[in-house]
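Asks: This structure is in structure tokens; I'll ask about it shortly.
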Amino acid sequence: MAGFSLRVVAIAGSLVLLVVSLRGPLQRATLLTQAEVHARATEYTLATQAYQRLLSLRPSDAAAHLGLGRVYLRQGRYAQAEEEFARALASDANQVEAMNGLAAALGSLGRIDSAIPLWRATIERDPTNAEAHYRLGLAYLLRSRFGQAREELEAARRGRPGDPATYYYLGVLTSRGGSPQAAEFFEAAQALAPDSEWAQRALQLQRAIAEAQTFPAQAPRAAYLGQAYLRLGLPNLAAEAFERALELDPTLDLARTYWGYALWSMGRYAQGLSVLKEASLRDKRNALNHYFLALTLSARGRVAAALRQARSAVELDPENPALRAELGALYAIARDYASAREQYQAATEAAPEELSFHLLRARFHLEHLVWLDEGFEAARRAVELDPQSAEAHDLLGWAQQLLGDPQTAEESLLRALELDPGLASAYYHLGAVYIRRARWDDARWAYMRAIDLDGEGFYRERALNALAEL
333 MAGFSLRVVA IAGSLVLLVV SLRGPLQRAT LLTQAEVHAR ATEYTLATQA
383 YQRLLSLRPS DAAAHLGLGR VYLRQGRYAQ AEEEFARALA SDANQVEAMN
433 GLAAALGSLG RIDSAIPLWR ATIERDPTNA EAHYRLGLAY LLRSRFGQAR
483 EELEAARRGR PGDPATYYYL GVLTSRGGSP QAAEFFEAAQ ALAPDSEWAQ
533 RALQLQRAIA EAQTFPAQAP RAAYLGQAYL RLGLPNLAAE AFERALELDP
583 TLDLARTYWG YALWSMGRYA QGLSVLKEAS LRDKRNALNH YFLALTLSAR
633 GRVAAALRQA RSAVELDPEN PALRAELGAL YAIARDYASA REQYQAATEA
683 APEELSFHLL RARFHLEHLV WLDEGFEAAR RAVELDPQSA EAHDLLGWAQ
733 QLLGDPQTAE ESLLRALELD PGLASAYYHL GAVYIRRARW DDARWAYMRA
783 IDLDGEGFYR ERALNALAEL
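Its first residue numbered 333, the sequence shown is counted upward by one per residue in the numbering used here.
Below, the structure written as structure tokens:
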């Protein structure tokens with residue numbers, strides 16, 4: 333009997349030791365699973381907390397650093413993503429995903445030249461990595477290294493032949509030389525995903541190429557294509573096209589205007605500003621010159637100089653709503669709210685059926701908390717113009733909240749989230765509504781969703797402050 337007791341004690345002791353030894357791996361697996369489940373549900377704050385809890389137990393856990401990097405990348409928090417992917421890489425120098433993620437974070441921060449070697453290293457370790465080939469191809473495209481860009485995008489296409497974005501960019505590259513193959517790539521992008529943004533972009537560029545061929549001379553053809561590239565966010569291709577147009581015909585002053593703006597848009601600020609000033613001197617009656625100068629000066633923080641240019645643009649073309657709205661935005665930056673109000677009103681009067689100007693007007697009034705009734709009317713008109721606009725319902729709900737009608741505000745904001753479940757601003761505004769209605773748990777949930785989903789950071793910071801006060 334004594335032997336049996338001793339045996340039981342020994343077995344029990346062994347079980348305790350087994351449980352203790354398993355606790356670390358089990359706890360790690362549980363926390364990783366929890367984090368991944370939250371991340372898939374876009375519950376990024378909860379995912380972050382689970383990863384950070386794991387790192388408090390195992391500071392060098394590569395999987396946790398990788399997971400945090402992925403979460404921060406999805407949230408648009410690129411500096412934090414860079415740190416986590418770098419830590420994951422330090423923990424396991426052979427991790428392909430860590431290199432790819434670090435390159436993506438650096439590229440998103442505008443540090444393309446630092447990202448390129450990492451994408452190359454990723455491909456060296458994993459030659460079939462289609463994502464790395466695709467990202468490296470886009471980086472080469474941005475750097476105007478067109479031959480290398482095409483090689484990488486072709487490799488990406490072989491790795492994932494169903495991706496419409498790859499076909500679109502291959503069409504962009506081949507369109508530079510007028511190759512008929514561009515049409516094949518554009519049509520493939522449209523066939524693969526007819527409702528995608530890539531299909532729409534492909535269709536736009538395909539049409540622009542066809543329309544350019546109707547011009548009798550090469551210079552206006554190049555200038556027309558340049559405008560299309562600029563609209564599609566391809567400033568280096570646009571600059572190349574405008575420069576070609578001016579080589580063929582130096583009298584194309586409008587091409588010079590667009591060339592200056594394209595140069596500025598691709599980061600060649602001094603050259604772009606110089607070209608725009610030259611264009612303005614050559615054609616002092618061109619409102620577009622003053623408009624582009626206003627945009628470039630404003631982006632560099634030179635608000636007073638930008639205001640002068642914007643006023644000149646409006647004087648030359650007073651019925652242009654875009655010029656009015658830009659002038660209004662500059663007055664708002666300068667805190668001349670009365671003048672801003674006048675310009676936003678003029679913009680909506682010049683284009684009463686154009687949704688974007690009513691949204692701009694509503695946002696001005698509601699963000700600056702001035703003439704709230706006018707902000708409400710602008711938001712209401714925006715909803716009338718497009719009942720499927722989540723942004724319009726969000727602004728209307730915020731106006732209703734500010735004007736003291738939280739119940740109706742909640743209805744408008746919930747409608748906004750039905751239309752766009754990822755709209756961070758609507759969650760933030762809904763949190764404020766729930767605070768007003770003393771629904772504290774609902775407010776916490778809404779603020780958490782704003783924190784999760786705000787890639788820009790504006791509403792994330794506000795929601796964090798609001799949560800701290802709850």
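Built from N, CA and C at the ideal position, the CB exists for glycine as well.
Since we're looking at a predicted model, the values are computed, not measured.
I need the straight-line Cα distance from G408 to D718, nearest angstrom please.
Replies: 28 Å
Asks: Roughly how many whole angstroms lie between the Cα atoms of M763 and V403?
Replies: According to the sequence provided, residue 763 is Gly. The question's Met does not apply to it. Put simply, the backbone Cα of G763 is about 23 Å away from that of V403.
Asks: Taking the alpha helix (DSSP H) that R634 belongs to, which residues open and close that run?
Replies: No alpha helix (DSSP H) contains R634, which DSSP labels as neither H nor E.
Asks: If you scan the stretch 615 to 668 from start to end, which runs of the alpha helix (DSSP H) of 4 or more residues do you find wholly inside it?
Replies: With a minimum length of 4 residues, the continuous alpha helix (DSSP H) runs that stay inside the stretch 615 to 668 are 619 to 631, 635 to 648, 653 to 665.
Asks: In angstroms, rounded to a whole number, what distance separates the CA positions of A525 and T374?
Replies: 24 Å
Asks: Three or more C-beta pairs under 8 Å: does that hold for the stretch 539 to 555 against the stretch 446 to 457?
Replies: no
Asks: Is L566 helix, strand or coil by DSSP?
Replies: coil
Asks: Please classify D393: does DSSP put it in a helix, a strand, or coil?
Replies: coil
Asks: At which residues does the alpha helix (DSSP H) containing L755 begin and terminate?
Replies: Neither: L755 is in no alpha helix (DSSP H) and is coded neither H nor E.
Asks: Mapping the DSSP letters down to three states, classify N275 as helix, strand or coil.
Replies: The question about residue 275 has no answer, for the chain in this structure spans 333 to 802.
Asks: DSSP on L802, reduced to helix/strand/coil?
Replies: coil
Asks: Out of curiosity, what's the CA-to-CA distance linking K609 and S388?
Replies: Straight-line Cα distance between these residues: approximately 56 Å.
Asks: Does the stretch 452 to 468 touch the stretch 426 to 441, meaning 3 or more C-beta pairs lie closer than 8 Å?
Replies: yes
Asks: Return the CA-CA distance between P552 and A488, expressed in angstroms with no decimal places.
Replies: Going by the C-alpha atoms only, they are around 34 Å apart.
Asks: How is L434 classed by DSSP in three states: helix, strand or coil?
Replies: Helix at L434.
Asks: Under a Cβ-count criterion, where at least 16 other Cβ atoms within 10 Å of its own Cβ denotes burial, should G729 be classed as buried or exposed?
Replies: buried
Asks: With distances taken from CA atoms, which of S440, Y759, L441, A396 is nearest L421?
Replies: Taking each of S440, Y759, L441, A396 in turn and checking the Cα distance to L421, the smallest one comes out for A396.
Asks: Taking one C-beta from the stretch 694 to 703 and one from the stretch 719 to 738 each time, how about it: are there three or more such pairs within less than 8 Å?
Replies: The stretch 694 to 703 is in contact with the stretch 719 to 738.
Asks: With C-beta atoms as the reference, is L629 less than 8 Å away from V646?
Replies: no
Asks: Can you tell me which of S744, A770, A411, A626 puts its alpha carbon nearest to the alpha carbon of N716?
Replies: The sequence shown places Glu at residue 716, not Asn. Of the candidates S744, A770, A411, A626, the one whose C-alpha sits nearest the C-alpha of E716 is S744.
Asks: Any idea if P738 is buried or exposed, counting beta-carbon neighbours within 10 angstroms, 16 or more meaning buried?
Replies: buried
Asks: In whole angstroms, what is the alpha-carbon distance linking E706 and T740?
Replies: Roughly 18 Å separates the two Cα atoms.
Asks: Taking the C-alpha atoms as reference points, what is the distance between A756 and G494?
Replies: 31 Å
Asks: Among residues of its own chain, excluding the 5 on either side of E742, which ones have a beta-carbon nearer than 6 Å to its beta-carbon?
Replies: V765
Asks: Between P496 and Y466, what straight-line distance do the alpha-carbon atoms span, to the nearest angstrom?
Replies: 12 Å
Asks: Exposed or buried, D393, counting other C-beta atoms within 10 Å across all chains shown (16 or more means buried)?
Replies: D393 should be labelled buried.
Asks: Among the residues of its own chain, which have a CB less than 8 Å from the CB of S353, if the five just before and after it don't count?
Replies: Because S353 carries a pLDDT of 41, less than 50, the predicted location of this residue cannot be relied on, and no value is offered for it.
Asks: Just reading off the alpha helix (DSSP H) that W530 is part of, what are its end residues?
Replies: 529 to 544
Asks: When we look at the beta-carbon of S721 and count the other beta-carbons within 10 Å, is it buried (16 or more) or exposed?
Replies: buried
Asks: Go through the stretch 424 to 511 residue by residue and report every complete run of the beta strand (DSSP E) that reaches 3 residues or more, in order.
Replies: Within the stretch 424 to 511, no run of beta strand (DSSP E) at least 3 residues long lies entirely inside it.
Asks: Looking at L474: is its Cβ nearer than 8 Å to the Cβ of G503?
Replies: no
Asks: Should Q384 go down as buried or exposed, given a rule of 16 or more other Cβ atoms within 10 Å for buried?
Replies: exposed
Asks: In whole angstroms, what separates the C-alpha of L799 from that of L727?
Replies: 22 Å
Asks: Report the option in W777, A770, P459, R781 whose CA atom is closest to the CA atom of G754.
Replies: Answer by Cα proximity: R781.
Asks: Apart from the five residues just before and just after L803, which ones in its own chain have a Cβ nearer than 6 Å to its Cβ?
Replies: Past the boundaries of the shown model lies residue 803; the chain is included only from 333 to 802, so the question cannot be answered.
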